[in-house]
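S.K.: To get the numbering used here, take the position in the sequence shown, counting from 1, and add 2. Using N, Cα and C, we set each Cβ at its ideal position, and we do this for glycine too. Quick one: the structure is below, questions incoming.
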Amino acid sequence: MTNIGSCNHVLRIDKDGANPDVVIQELSSHGLMPEEWGGDYPW
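As structure tokens, then:
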């Protein structure tokens, strides 16, 4: 099995009503866990 890196970008976080916590929760539900939650991805 080959390890394939991923690159994730959160765009328009400056938009009115944007909630970065919701974005992080949605990404973590797909297995993309941030480092601050014990995962491998820096945010």
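Drop a sphere of 10 angstroms on the beta-carbon of I26, count the other beta-carbons inside from all chains shown, and report buried for 16 or more, exposed for fewer.
M.R.: I26 is buried by the Cβ-count criterion.
S.K.: With H, G and I counted as helix, E and B as strand and the rest as coil, what does DSSP make of P36?
M.R.: Strand at P36.
S.K.: For the alpha helix (DSSP H) that contains P44, what are its first and last residues?
M.R.: First-last for P44: undefined, no H or E at that position.
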